[in-house]
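Student:
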Amino acid sequence: WQCCGAFGADDWNLNIYFNCTDSNASRERCGVPFSCCTKDPAEDVINTQCGYDARQKPEVDQQIVIYTKGCVPQFEKWLQDNLTIVAGIFIGIALLQIFGICLAQNLVSDIEAVRAS
369 WQCCGAFGAD DWNLNIYFNC TDSNASRERC GVPFSCCTKD PAEDVINTQC
419 GYDARQKPEV DQQIVIYTKG CVPQFEKWLQ DNLTIVAGIF IGIALLQIFG
469 ICLAQNLVSD IEAVRAS
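Per my numbering, residue 369 is the first one in the sequence shown, and the count goes up by one each step.
1. Do you know how far the Cα of residue 460 is from the Cα of residue 407?
2. Skipping 5 residues on each side, what residues in its chain have a beta carbon closer than 7 Å to that of residue 401?
3. In whole angstroms, what is the alpha-carbon distance linking residue 376 and residue 436?
4. Are the Cβ atoms of residue 394 and residue 385 separated by less than 8 Å?
5. Quickly, what does DSSP pair residue 376 with across the bridge? List them, please.
6. What do you reckon, are the CB atoms on residue 388 and residue 423 nearer than 8 Å?
7. Output the distance between the C-alpha atoms of residue 429 and residue 445, rounded to the nearest integer angstrom.
8. DSSP three-state label for residue 404, please.
9. Would you tell me roughly how many angstroms separate the C-alpha atoms of residue 443 and residue 467, rounded to the nearest one?
10. For residue 421, which residues in the same chain have their Cβ closer than 8 Å to its Cβ, ignoring the five residues on either side in sequence?
11. Output needed for residue 456: all residues of its chain with C-beta closer than 7 Å, excluding positions within five of it in sequence on either side, in chain order.
12. From which residue to which residue does the alpha helix (DSSP H) around residue 455 run?
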């Protein structure tokens with residue numbers, strides 16, 4: 369979905385390894401996980417350190433290296449775009465569950481009928 373964090377890359381300030389406080393001695397300070405990094409098609413191997421110090425750069429430079437949009441808005445947009453498919457899947461699963469309940473109830477009735485006779 370090309371996103372980073374729930375609502376943006378700065379959400380990673382809540383993480384003890386990626387926050388930008390002076391007390392954080394981690395090498396990942398002011399960074400983001402490599403899943404937030406934009407993909408470079410020229411690279412054969414994923415650079416897992418591509419997000420290091422990414423949030424210390426100006427926002428224009430950040431957008432080159434990492435995704436700055438949050439994943440929640442991206443998911444909401446995807447859900448709106450695919451609502452009919454998602455609803456169809458949920459309805460299908462619900463119908464299968466109801467069918468299973470009916471079969472189980474039928475089995476219970478058959479067992480009770482055999483016990484009664």
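Even for Gly, the Cβ is constructed at its ideal location relative to N, Cα and C.
From a predicted model like this one, the values you see are computed outputs, not experimental measurements.
Tutor: The answer reads as follows:
1. 36 Å
2. 419
3. In a straight line, the C-alpha of residue 376 is about 6 Å away from that of residue 436.
4. yes
5. In the DSSP output, where bridge partners are listed per residue, residue 376 has 437.
6. yes
7. 25 Å
8. In the structure shown, residue 404 sits in a helix (DSSP, three-state: H, G or I).
9. 31 Å
10. 397, 398 and 399
11. No residues qualify anywhere along the chain.
12. 451–484
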